[in-house]
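Colleague: If you read the protein sequences in the order shown, they are chains A and B. Per numbering that gives the first Met the number 0, the first sequence starts with residue 0, numbered consecutively. Per numbering that gives the first Met the number 0, the second sequence starts with residue 0, numbered consecutively. Beta carbons are placed, not taken as given, at the ideal position from N, Cα and C, and that holds for glycine.
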Amino acid sequence: MILLLWKYVQKRPSRWQRWGPWWLLWMPLVVQGAEPFEAFLEALRQERYFDTALAYLDRMESSPDTPPPLRQQIPLERARLARSAAEQESDFGSRLRFLEKASKDISAVATESSEPEFQADVAVERWEILGAIADQWLARAVAKNGAGTDENARSKADEAITQARTAALASVEQLRVLLKEMQDRPRERQDVALRDRWRTDFIAAQMSVPGFTMKSAQLVEGDEPEYRKRLKEAADAFGQLSEKYGRTPYYLPLLVKRGQCHQLLREHQDALSFYGEVLENAPLPAALSALATQLSMECWSSKEEGKSQKAVDQGEAWLRSHASEAIQVTAPVRLALVKAMQARSEASGKTRENDLARAKQLLSQIIRGHAPQAAQAHELLASLRTGDTSTPNLDGLASFSEAKLEADAVLSKAQASESGIGLIRSRLEQIKDPQEQAALQQEIDEAQRGLRSQYAEASALYRRALDLASPGDSLDDVNRVRYLLGYLQFQQEDYYDCAVLSEFLARHFSDGPTARASARLALGAYYKLFESGGTKSPFATDHLIDVARYTALRWPNDEEGQAAALTLIRFLISQGRITDAQDYLAQLPEKSQLRAEAELATGTALVREFLKAKGERSAGAAPDPELARLKEAARQLLRDGLQGRGSGPATSTSVVASLALAQLALDDRDAAAAIDILQEPGRGPWTLLTAGDPATADPAIREDVYRTALRAQLFASMNGSPAARPTDDIAKILKELKVQFGDSEQGRARAVAMYVGLARDLKEQVAEADPAKQGAGLDSFVTVLEGIASNSKDPDILHWVARTYQELADGAASQGPAAVSKATGLLDHASQILQELLKSPDMQSDAKRRLQMEMALASLKRRQKDYSAAIPLFVSVLKDNPNLLNVQKDAAYTYQEGQAYTYAIKGGRPDPKTSKNIIWGWEKIGNVVARQMRRDPSMKEKFGGIFHEARWNVASCRYQEALTLEGEKRLRYLEQARQAITATTALYPDLGGPTWKTKYEQLKGDIDQAIRDASPDGPSRGDT
Amino acid sequence: MKMHIVTSRLAWVLLSFTAGPLASSQADTIKLQDGTSIRGEIKATTPNDIEIAVQGESRKVSLAQVQQVVFDEEPSSMKLIREFVADRQWEQALQSLNRVEGDELQDPFVQQEVAFYRAYCQAQLAMQTGSGINEAAKEMFTFAAQHRDSLHWYLATESLGDLAMRLGRPDKAADFYEAIRAATWPAMSLRGTLLKADSLALQGGEQTSQAMTLYGTIIDSKAEGPEVDRLQQLALIGKARCQSDSGAFQEAIDTLHRVIADNEAQDGALFARAYNALGTSFRAAGKPEDALLAFLHVDLLFHDNSEDHAQALHHLSQLWDELGKADRAQDARNRLRNRYAGSNWAKKP
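#1: Could you please tell me which residues of the stretch 42 to 55 of chain A, in chain order, have their CB closer than 9 Å to any CB of chain B?
#2: Please name the residues in the stretch 296 to 323 of chain B whose beta-carbon is closer than 8 Å to at least one beta-carbon of chain A, in chain order.
#3: On a CA-only basis, which of A118(B), E138(B), L292(B) and A309(B) is nearest L318(B)? Give me that one, please.
#4: Pull out every residue of the stretch 262 to 282 of chain B whose Cβ sits closer than 7 Å to any Cβ of chain A, in chain order.
#5: So which residues on chain B does L552(A) lean against when the C-beta distance must stay under 8 Å?
#6: Please list the partners that E288(B) has in chain A, where partner means a Cβ-to-Cβ separation under 7 Å.
#7: Do we get a CB-CB distance below 8 Å when we pair S509(A) with the residues of chain B?
#8: With burial defined as no fewer than 16 other Cβ atoms inside 10 Å of the residue's Cβ, what is the status of R272(B): buried or exposed?
#9: Give the straight-line distance between the Cα atoms of S389(A) and D312(A), rounded to the nearest whole angstrom.
#10: Taking buried to mean at least 16 other C-beta atoms within 10 Å of its own C-beta, is N275(B) buried or exposed?
#11: Whose C-alpha, out of D183(A), E631(A) and A670(A), is nearest the C-alpha of R607(A)?
#12: Taking the alpha-carbon positions, what's the S113(A) to E76(A) distance?
#13: For P909(A), which residues does DSSP report across the bridge?
#14: Using 7 Å as the cut-off, classify the Cβ of Q232(B) as near or not near the heavy atoms of the ligand GTP, replying yes or no.
#15: Could you tell me if E922(A) is buried or exposed, where buried requires 16 or more neighbouring beta carbons within 10 angstroms of its beta carbon?
#16: Pick out whichever of D106(B), Q105(B) and H146(B) has its Cα sitting closest to the Cα of A118(B).
#17: Touching or not, the stretch 154 to 174 of chain A and the stretch 118 to 129 of chain A, by the rule of three or more beta carbon pairs under 8 Å?
#18: Between G191(B), E226(B), V99(B) and L159(B), which lies nearest to T141(B) when the distance is taken from Cα to Cα?
#19: What span of residues does the beta strand (DSSP E) with S57(B) cover, start to end?
#20: Within a Cβ cutoff of 6 Å, which residues of the same chain sit near V277(A), ignoring the five residues on either side of it in sequence?
#21: Would you verify that the beta carbon of Y494(A) is, or is not, closer than 8 Å to some beta carbon of chain B?
#22: Buried or exposed for I430(A), please, with buried defined as at least 16 other CB atoms from any protein chain shown within 10 angstroms of its CB.
#23: So, does the CB of F538(A) fall closer than 8 Å to a CB anywhere in chain B?
#24: Can you list, in chain order, the residues of its chain whose CB lies under 7 Å from that of Q1028(A), leaving out five sequence neighbours each side?
#25: Suppose you measure from the CA of A349(B) to the CA of A239(B); what does that come to, to the nearest Å?
#26: Under 6 Å Cβ to Cβ from K359(A), same chain only, skipping five residues before and after it: list those, please.
#27: Measuring CB to CB, does F873(A) end up less than 8 Å from T901(A)?
#28: Just to confirm my understanding: we take A446(A), look at its own chain, exclude 5 residues before and 5 after, and list those with CB closer than 8 Å. What are they?
#29: Take the Cβ of T652(A) as the centre, count every other Cβ of all protein chains shown within 10 Å, and call the residue buried at 16 or more, exposed below.
#30: At a CB-CB cut-off below 8 Å, which residues of chain B make contact with R548(A)?
#31: Can the beta-carbon of T192(B) be found closer than 8 Å to that of I217(B)?
#32: Taking C-beta to C-beta, are A356(A) and I326(A) nearer than 8 Å?
#33: Between K346(B) and the rest of its own chain, which residues show a CB-CB distance below 6 Å, the 5 nearest in sequence each way excluded?
#34: Which chain B residues are close to A38(A), counting only those with a beta carbon under 7 Å from its beta carbon?
#35: The stretch 200 to 220 of chain B: which residues have C-beta closer than 7 Å to a C-beta of chain A, in chain order?
#36: What in chain B is Cβ-close to R506(A), meaning under 9 Å?
If you want it as structure tokens, here you go:
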């Protein structure tokens, strides 16, 4: 603690910085003169590469080129690094090992013939190291673990405190002499910087002495008079020092120390007044502020004060105002906050869920930040577990091995219980009688309750074992206990704690026997956390990736490493991070089963991405080379993966990969290749499915196999491919698919989605197909459209089906008279669908959709030449929407095609209210658009074509009607027809441009000829 | 490492820019290395010298003496552009270049200046990001071919060599660097020699002995000056790399230790190159712990040059793995990928 306080006062320069000026004098004499020792060592320290820094010092020490003064100081620097390394460790044993190494190194420093400055530095380092060792043992000795006192720790702590105090006193005396000597020098010979540094070291050493007295008091807590005596002695000493250094930066740290003495004396109000005085001083160094806040919070949440809420508020407020500080600085407050929340829960008798989550967050940040309080945080985290109802008697356990043996025995029982539950479960599956089933289920429930209790008991015992662990216990044994504790946390669904503990083991003891298993456990726990939080849990996602990556790289040739790599790749794929997945794939050993599996997973993901990207492209878009590359990359990966697997038994991954490969072949329009893949002996998905292979047991996979097989067969039949199977096989597939989809709403939706996708593909194929093969394609298409119509009730989809039938009919009609009957049949299908749709109750309430359907059906009826059915539909549409020009045109054509020429020209179906014709006829259509064009000449472009279409049709209708008449009547109608054209030509001499002009001229020619033919004199010779 | 050299060269020719008083003098200005300036009308340039008329009298100034050139009619934004280039802010420099209006480019020298900077920035950006290298090479080649008399011609040629190196064509790069050897002042000529030697050394095989000979030429050169001294140190590092490649590890390591001892650590680029070479030699000699310490020097202390840093991170990512520190290896790998995605080192397995 003194060391900590000391750091608030002044950041001391590193040893190298301190010695730099004089050891650099030797530099010209050595070969490695410009090697930047100091900067490099400091950089290693900053990076916390303490092990590397120690190795660097070893090299410097063994190098013949290192100058002797530098060599002399290496043990001291090594000690300092070991002390820093100890701070980084989170467990007692490792910390102590580093500190003991530091102590050994500092003892090895030869100071006899060295400069006084160097001797002083060594003395300071010595008491600091011994003080740190004392802190470790003291924490162990006073730990409240419910197991009585740890006499060994107490004795070790006592010994270390005595040694540290002696070393500190020696340092005080040494520095007192040096400062006196310096003071006696003439002013011009005084080194001010050195004097200030010695003064700082002198005060710190002085402060440490009552600090050690205070610590020693904690070792005699049972002896109240002695305890109080020591603490009062320490408080008085701190008081004297604070009076002495009242105007220096040491004053506030001394107040904190005085407060601490009063706090230990349970004089909390006095302690709080000291802490309050410190905290009132702003700005305060963050570390000192953290310490004062932590101690203050402890006072508030003590049993005597009972104000844990105040402590929680203080802690949260402090953390908010120090959010940017490093975890090393904030860790004491975080820890105190967790303890305050615990105290609050104990006081109120209930645990708040939010508190638990917050506490876990605070503690895990301390652990992950490698703060010096990490070990404490670990212990607290373990004690925060929920649902731990077992309270085994831990008092009789005196050593790590005893506790571990007990725990192992309970764990064995738990494992036996697990097996027992498994047996009962298998019996339950075989039993049909409900009563027996209920009895067995009850048995299982009871056994599980017992199992949970055993897990909890074993956990408590393993934690106790860890409490009792000492440096003498084998590290492997300790880590095995940690691993088992993690395993039990996993079993108890305490995934958060399990993940943190297991990851710690996997990373910090990566050479140990439990490291691999711990990595696997951590991975599993993070996966569970991911499952529960999904993408909303970046913590779980990031850690899962991080641990998988670490495991894969750390043990690339082991089962754990390879499984982690595969998990990582699959996880990245599931997160849409395909490129990252490919990067990791490239790192896997070639020609390995793992590589093959990963290639299949990645290749399948790429196929999905390819198909998705392709689906998002607009029709007719130019080929995208990037998409083509993606497709080829996917194909290559799948082929490599399938080849890499060799002839091993099929798995769901390999089946899905083969399906993806077949889909790529279908995308190439190579149905034969797709069928080859599907029917490949031994591993083709169709082959496996028909043979009942377990790899195709998953219903989703079965559905995919049928779906792909159907596409392949339909495409093949469309192309007349020799690989095509008979149509009855397609029917069989359809039947199987129907079973797969089931009759549920969801199943039908899936069926429709599949058929729609298929239909789109087929439509493209029909469009691209050789006209000679389009007939075969139509049959396939109709099969698919029927599939949709029979499964879907969605009006949009059914409307789309009807439209598609119409389009197919158009295609068929253009193929000549032979295909007319096919076209008629297609139109009947369309019409039937639309009629059914219009009958549905939903359509009655949806006017807009009804209008759309009526328009579609009217148009269809016209095409079917069912004019009497078409006209009422047009009336229904136009009644409320007379300005729908295209519908008006369609209606006029309907009259015209039905030879109702007058209606076609003049319109028909008067509205009973207005007496105006609902269907306008060509004359009105022409007049309406002419008026629009007169009002707004810019509309000419839009309406010009319609106007001439209308005018031309007026003439055409007259002409057509005339042809149905005889004699004078025919002649009169023909004259009217010619008049219509003449009038239009007079008003619009350009006749709407070359296209319409040609049409007008052709019609006029026909009319003139008909007039000549109809004249009483017969055809005029001169006219011919 | 080249980046540093290039920057030095830029500082030498282009960058130490104090345009304020010059802009108002209504004259082209050549600022010399010794701190003096010549003002007048620049009549002609070559890759080696500048002809300037001062009060009607024409004189030639060797580029060896020149620290910077400022054209009277250049756009005011040129100052900022040069500052961006000095800071290696290629994208910002290009943005400013793109904002230069056509009517600001009446003077042919200014046109040439802007064309050079555009090509140069594109080349540097392409090498930094790893994309568009072919296009950048095309533009720089066009500049070099059309402006054979540019005062930046050697730098343009060097950029072409660097681009060829990035395209994995050290043989082509050697041809470009060879052209720089024709410079009339020793520092530039030796620089071309060094670059050529580096490109030959990279090719390995028979080219190594040629590289050694060229390094020897530099090391034995009697030319003087701080620039030459530095080139000689870089040549020693290059020679040590060749020694290491041919199996003479200890000789290489001794040479590199001598270079480190003889120089000041303030020259970060030189030290980065030396420590990378030392690390490579230690690795080749089967001393991974020593190699790690050498590369860590670059990672922790001499990381200003992106190529050197990328090289060190590449080796560290492998060495940490070899030494059982997978998390540190992963950290090095991540930094390599995140910071230097365009570098060839990031693409190596």
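Modeller: Here's the rundown:
#1: A42, L43, Q45, E46, Y48, D50, T51, A54 and Y55
#2: H296, L299, L300, D320 and G323
#3: For the purposes of this step, residue 318(B) is taken as the residue at position 319 of the second sequence. Of the listed residues, the one whose Cα sits closest to L318(B) is L292(B).
#4: N262, E263 and A264
#5: In the first sequence, the residue the question calls residue 552(A) occupies position 553. Near L552(A) (Cβ distances below 8 Å), the residues of chain B are D320, A325, A328 and Q329.
#6: Along the second sequence, read from residue 1 onward, the residue named residue 288(B) stands at position 289. Simply A54.
#7: For this step, residue 509(A) is matched to residue 510 along the first sequence. By this cut-off, S509(A) is an interface position.
#8: Counting from 1 along the second sequence, the entry for residue 272(B) is found at position 273. R272(B) comes out buried.
#9: Position 390 of the first sequence, counted from the start, is the residue given in the question as residue 389(A). Position 313 of the first sequence, counted from the start, is the residue given in the question as residue 312(A). Any reading at S389(A) needs caution, since the residue's pLDDT is 49, under 50, leaving its predicted position unreliable; the model's value is listed next. So the two alpha carbons sit approximately 32 Å from each other.
#10: Against the second sequence, residue 275(B) aligns to sequence position 276. Burial call: buried.
#11: One-based indexing of the first sequence puts residue 607(A) at position 608. Considering only alpha carbons, the answer is E631(A).
#12: Within the first sequence, the letter at position 114 stands for residue 113(A). Within the first sequence, the letter at position 77 stands for residue 76(A). C-alpha separation (whole angstroms): 15 Å.
#13: Numbered from its first residue, the first sequence carries residue 909(A) at position 910. Answer is N916(A), bridged to P909(A).
#14: Annotation note on the ligand GTP: not contained in the displayed structure, which lists no ligands.
#15: Residue 922(A) sits at position 923 when you count from the first residue of the first sequence. Buried, because 16 or more other Cβ atoms sit within 10 Å of the Cβ of E922(A).
#16: Within the second sequence, numbered from 1, the residue matching residue 118(B) stands at position 119. A118(B) has its Cα closest to that of H146(B), out of D106(B), Q105(B) and H146(B).
#17: yes
#18: Working through the second sequence from its first residue, we reach residue 141(B) at position 142. T141(B) has its Cα closest to that of L159(B), out of G191(B), E226(B), V99(B) and L159(B).
#19: Working through the second sequence from its first residue, we reach residue 57(B) at position 58. E56 to S61 is the extent of the beta strand (DSSP E) around S57(B).
#20: Your numbering for residue 277(A) matches position 278 in the first sequence. Excluding sequence neighbours, V277(A) sits near L251, L254, V255 and A291.
#21: Residue numbering aside, residue 494(A) sits at position 495 when the first sequence is read from its first letter. So, not an interface residue.
#22: Within the first sequence, numbered from 1, the residue matching residue 430(A) stands at position 431. Burial call: exposed.
#23: Against the first sequence, residue 538(A) aligns to sequence position 539. No, no contact with chain B.
#24: Any answer about residue 1028(A) is impossible in this case: the structure gives chain A only from 0 up to 1023.
#25: Lying before the first or after the last residue shown, residue 349(B) is absent from chain B, which here runs from 0 to 348.
#26: In the first sequence, the residue the question calls residue 359(A) occupies position 360. Around K359(A): Y495.
#27: Counted from its first residue, the first sequence places residue 873(A) at position 874. Counted from its first residue, the first sequence places residue 901(A) at position 902. No.
#28: Position 447 of the first sequence, counting from 1, holds the residue named residue 446(A). Closer than 8 Å at Cβ, skipping near neighbours: S416, G419, I420 and I423.
#29: Counting from one through the first sequence, the residue named residue 652(A) turns up at place 653. T652(A) comes out buried.
#30: Here residue 548(A) refers to the residue found at position 549 of the first sequence. The answer, in chain order, is Q329.
#31: Along the second sequence, one-based indexing puts residue 192(B) at 193. Along the second sequence, one-based indexing puts residue 217(B) at 218. Taking 8 Å as the Cβ cut-off, T192(B) and I217(B) qualify as a contacting pair.
#32: The residue given as residue 356(A) occupies position 357 in the first sequence. The residue given as residue 326(A) occupies position 327 in the first sequence. Not closer than 8 Å, so no.
#33: Position 347 of the second sequence, counted from the first residue, corresponds to residue 346(B). Excluding sequence neighbours, K346(B) sits near nothing in its chain.
#34: Taking the first sequence and counting its residues from 1, the one referred to as residue 38(A) is at position 39. Near A38(A) (Cβ distances below 7 Å), the residues of chain B are L300.
#35: none
#36: Counting from one through the first sequence, the residue named residue 506(A) turns up at place 507. Going along chain B in sequence order, the residues near R506(A) (Cβ under 9 Å) are A325 and D326.
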